[in-house]
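**Q** Chains as they are written, first to last, in my numbering: chain G, 2 to 340; chain Y, 2 to 340. Mind having a look at this structure? Questions to follow.
2 protein chains.
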Amino acid sequence: MKITLKDIARELEVSISTVSKALKNSEEISRDTKEKVQAFAKLYNYKPNNIAISLKNKRTKNIGVVIPDIVHHFFTTVIRGIEKYANARGYNVIVCLSEESFDKEVINMEMLANGSIDGFIMSLSSETQQKGDYNHLKEVTEQGIPVVLFDRITNEIDCDKVIIDDELGAYMATQKLIEQGRKKIALISTDDYLSVSKARTMGYKKALTDSGLGVDESRILKLPTMEMDEMGIKDFFEEHPEVDAVLCVNEIFAVYSMRLAQEKGLKIPEDISFIGFTDGFLSKYAYPSLTVVAQHGEKMGEISAQMLIDKVEGEKGEEETFLTKTLEPTLVIRDSIFH
Amino acid sequence: MKITLKDIARELEVSISTVSKALKNSEEISRDTKEKVQAFAKLYNYKPNNIAISLKNKRTKNIGVVIPDIVHHFFTTVIRGIEKYANARGYNVIVCLSEESFDKEVINMEMLANGSIDGFIMSLSSETQQKGDYNHLKEVTEQGIPVVLFDRITNEIDCDKVIIDDELGAYMATQKLIEQGRKKIALISTDDYLSVSKARTMGYKKALTDSGLGVDESRILKLPTMEMDEMGIKDFFEEHPEVDAVLCVNEIFAVYSMRLAQEKGLKIPEDISFIGFTDGFLSKYAYPSLTVVAQHGEKMGEISAQMLIDKVEGEKGEEETFLTKTLEPTLVIRDSIFH
DNA sequence: ACATAGAGCGAAAACGGTTTCGTGTTGATA
DNA sequence: TATCAACACGAAACCGTTTTCGCTCTATGT
């Protein structure tokens, strides 16, 4: 069903080499032959086999994306950014999900590292960040496979990185709440092993310290993972009825917290304000709509893809230089705070 | 950096064939040699090159997924289902986004169809369904590449299909509203060229007819696409203040409609009820939480992947039989209706 | 008439594996 | 001692390309 160079060569009684050259419009081949071959190829809809070309060139034009989760809006927008950019440059995207598991991350990378892809774009699973074991990344970079880390990164690996300034984002958000007269600002975060949560917590504390309000550690809730923990949040609010503003490290925590506040009869933002991270559908269509620190996932995906492909296509000779690109977060003001 | 059979053979002064067989524990090779080769391979972390194996076997162990959008919860859960199942069977997933564009769908398929994948799982772009042009699918199936269509399907192509019973889902939802005493039920849908919208509209009408309420066409809003059209929805509600319940073909339309109702001072569900399609974060965390027709995306992904891989790995000799698997929708009752 | 340049094409290696088919050596058997 | 099976291994084809190198013509110039 699929026609090959050999088929064309046999049919036209020329050599395979001639066919190959003719299809590439080589000067070596006569006008006549080229026309014959090209016409035949077109007629039978010849398309070169990607696998054979990959084997020859040692380049697959595939990039591997390994992320913890695909159901969250942020990762989804990053993929979209990667996809768009990569496609425009002729690359396909192989998506693998680690589901926050170290083992799956390792297995996925191993599956892809044996020739299936030209480079990796990844965001570390929480388990990986928790263990602090990055040998799978080391192995891959030592094999000469380029890697770009985004969002959940580590300093232990030398490679290109793309992040937003999480600390600044949290700082901006907290400061905004302080400006509006809030004095008892809570933070709903996750354990510090997640690089982003750690940075956001720092930004939150810094804003409180800079403004002279001071940090009350008991107003910081650290959930074990990014997954929803309804009881954990509920209990936290029971113990902290004094809180007049809440910063959350994602939009789900924030929207759920708003619901709890509303069920208690609190008015938003009159009685209590909320800010989350990630500018997704939830924030936009929540009631009231949620003010968030936008992470610009699509842009992040684009830049990651660009850095990776530039490295993949760059001359091997160049001395390796790795950069970390930091994007500025943006505060998207909506009805969950005053404006 | 990457070691090959040839390297091992040279180093150990045996032939490539011997190395290959030794690594596969072939009976042909002596105990001694096998141990030597395997130890050496382990030491230098030998892993066979996937591309070479693909070329030889004419099987890539990759499956191509072409979907209109990745930012919507439904597609995201389908991908997750596909990923999980495919990975468990040793397959990788290449994701391509058509972004509702016919041309992109065609280009993506052509990129992948030349050896990069063993089969396709796809959901048609709206533009494709609108044009009714399925030649790109025909070409692919004629080349012998298996295809599984899910959700947005067409009858023009013979292949396996996985859908939910959209008509039944809409019927169940509408009937539920009727049971609760609603008499003026609106439908917010999209143009009928989208197979799912068409089916849902039929279910809605059928329920109204069966109950004797009758269909009022003016209470059906058909938006041009699945994208949000805030003005369209707003205008619709201005013109239809009498409406006491709304069925929406997705969760965004529903959540946005709820917001409009709330801003007008209506109580949900006392004054007006809402039901949407897709059981995503939005529905769960909206305020009030939204009753939806769950589409079981993850299950759909799993089944699609299973059907595809079974076909890919099946004997070529078998006569082709295509089946359409229809999943039962489920009504997830939440606070946007009585319960 | 003869060397020579260049046009046009083909043979073969290479990418990294798998697999079939041979072949040389060994030891047992008649 | 001649025969033969079993054992252990290697050669080579193959998957579908690309690309280098060399060969054979023909036409040109002297």
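Don't be surprised by glycine CBs; every beta carbon is placed ideally from N, CA and C.
For the segment 142-154 of chain G against the segment 85-105 of chain Y, do three or more pairs of beta-carbon atoms, one drawn from each stretch, fall closer than 8 angstroms, so that the two count as touching?
**A** Output reads no: the segment 85-105 of chain Y does not touch the segment 142-154 of chain G.
**Q** Looking only at its own chain, which residues have a Cβ that is under 8 angstroms from the Cβ of Y/Glu29, when we skip the five neighbours before and after it?
**A** Taken in chain order, the residues that qualify are Lys22.
**Q** With distances taken from CA atoms, which of Y/Gly215, Y/Gly170, Y/Ser219 is nearest Y/Phe1?
**A** Since the first residue of chain Y shown is 2 and the last is 340, residue 1 of chain Y is not available in this structure.
**Q** Pick helix, strand or coil for Y/Asp33, following the three-state DSSP scheme.
**A** Note: Y/Asp33 maps to helix in three-state DSSP.
**Q** Quick one: what's G/Ala187 bridged to in DSSP?
**A** DSSP lists G/Val247 as partners of G/Ala187.
**Q** Taking Cβ positions, are Y/Leu248 and Y/Ile186 nearer each other than 8 angstroms?
**A** Contact flag set, yes.
**Q** State the start and end residues of the unbroken beta strand (DSSP E) segment that holds G/Leu98.
**A** Counting along the chain, the beta strand (DSSP E) containing G/Leu98 begins and ends at 93-98.
**Q** My output table needs one value for G/Asp104: the three-state DSSP class, helix, strand or coil.
**A** Here G/Asp104 sits in helix by DSSP.
**Q** Could you tell me whether the segment 64-72 of chain Y touches the segment 97-117 of chain Y, where touching means 3 or more Cβ pairs closer than 8 angstroms?
**A** Yes, since at least three Cβ pairs between the segment 64-72 of chain Y and the segment 97-117 of chain Y fall closer than 8 angstroms, the two stretches touch.
**Q** Is the segment 277-292 of chain Y touching the segment 301-312 of chain Y, taking contact as three or more C-beta pairs under 8 angstroms?
**A** Not touching, per the Cβ criterion.
**Q** With a threshold of 16 other CB atoms inside 10 Å of the CB of Y/Arg335, please say whether the residue is buried or exposed.
**A** The residue is buried, with at least 16 neighbouring Cβ atoms inside 10 Å.
**Q** Going along chain Y in order, which residues have a C-beta closer than 8 angstroms to the C-beta of G/Glu84?
**A** Ile71, Val96, Cys97, Leu98, listed in chain order.
**Q** Of the residues that make up the segment 268-283 of chain Y, which ones have a beta carbon closer than 7 angstroms to any beta carbon in chain G?
**A** Result list: Phe282, Leu283.
**Q** For the beta strand (DSSP E) holding Y/Ser274, just list the boundary residues, first then last.
**A** From DSSP, the beta strand (DSSP E) with Y/Ser274 extends over 274-278.
**Q** Entirely within the segment 188-254 of chain G and at least 4 residues each: give me those alpha helix (DSSP H) ranges in chain order.
**A** Runs of the alpha helix (DSSP H) inside the segment 188-254 of chain G: 196-211, 231-240.
**Q** I believe G/Glu101 touches G/Ser126 by the beta-carbon criterion, under 8 angstroms. Please report the beta-carbon distance rounded to the nearest angstrom.
**A** Sure, about 5 angstroms apart at Cβ, within 8 angstroms.
**Q** Name the one or two DSSP bridge partners that G/Met123 has.
**A** G/Met123 pairs with G/Val67, G/Leu150.
**Q** Drop a sphere of 10 angstroms on the beta-carbon of G/Glu180, count the other beta-carbons inside from all chains shown, and report buried for 16 or more, exposed for fewer.
**A** Exposed, because fewer than 16 other Cβ atoms sit within 10 Å of the Cβ of G/Glu180.
**Q** Quick one, which of Y/Leu138, Y/Val72, Y/Pro289, Y/Ile146 has its alpha-carbon nearest Y/Asn156's?
**A** It is Y/Leu138.
**Q** Looking only at DSSP bridge pairs, what is G/Ala40 linked to?
**A** Answer by DSSP bridge pairing: none, since G/Ala40 is not bridged.
**Q** Quick one: is Y/Met2 near chain G, going by C-beta distance under 8 angstroms?
**A** Output row for Y/Met2: interface = yes.
**Q** Mark G/Ala40 as exposed unless 16 or more other C-beta atoms lie within 10 angstroms of its C-beta, in which case mark it buried.
**A** When all chains shown are included, G/Ala40 counts as exposed.
**Q** Excluding the 5 residues flanking Y/Ser16 on each side, which residues of the same chain have their C-beta closer than 8 angstroms to its C-beta?
**A** Ala10, listed in sequence order.
**Q** Could you give the first and the last residue of the continuous beta strand (DSSP E) run that contains G/Asp167?
**A** Per DSSP, G/Asp167 belongs to no beta strand (DSSP E); it is in the alpha helix (DSSP H), 167-180.
**Q** Between Y/Pro49 and Y/Thr5, what straight-line distance do the alpha-carbon atoms span, to the nearest angstrom?
**A** If you take the alpha carbons of Y/Pro49 and Y/Thr5, they lie about 7 angstroms apart.
**Q** Considering Y/Ala53, what are the terminal residues of the alpha helix (DSSP H) in which it resides?
**A** Looking at the DSSP string, the run of the alpha helix (DSSP H) that includes Y/Ala53 is 51-58.
**Q** Taking the alpha-carbon positions, what's the G/Lys265 to Y/Ile146 distance?
**A** Taking the straight line joining both Cα atoms gives about 57 angstroms.
**Q** Hey, which unbroken runs of the alpha helix (DSSP H) at 4 residues or more fall wholly within the segment 291-331 of chain G?
**A** Taking only runs of at least 4 residues, the alpha helix (DSSP H) segments lying wholly in the segment 291-331 of chain G are 298-314.
**Q** Buried or exposed: where does Y/Gly215 fall if 16 or more other Cβ atoms within 10 Å of its Cβ makes it buried?
**A** Exposed is the call here.
**Q** Compare the beta carbon distance of Y/Thr327 and Y/Ile164 with 8 angstroms and say whether it is the shorter of the two.
**A** Contact: yes.
**Q** Please report how far the alpha carbon of G/Ala262 lies from the alpha carbon of G/Pro289, in whole angstroms.
**A** Using only the alpha carbons, I get a separation of about 12 angstroms.
**Q** I'd like to check one pair, G/Gly120 with G/Met301: are the Cβ atoms closer than 8 angstroms?
**A** Not closer than 8 angstroms, so no.
**Q** Rounded to a whole number of angstroms, what is the C-alpha to C-alpha distance between Y/Cys160 and Y/Lys268?
**A** About 47 angstroms.
**Q** Could you work out which residue in Y/Ile80, Y/Asp134, Y/Asp167, Y/Glu84 is closest to Y/Asp378 when comparing CA atoms only?
**A** Past the boundaries of the shown model lies residue 378 of chain Y; chain Y is included only from 2 to 340, so the question cannot be answered.
**Q** I need the straight-line Cα distance from G/Ile52 to Y/Ser117, nearest angstrom please.
**A** Straight-line Cα distance between these residues: approximately 6 angstroms.
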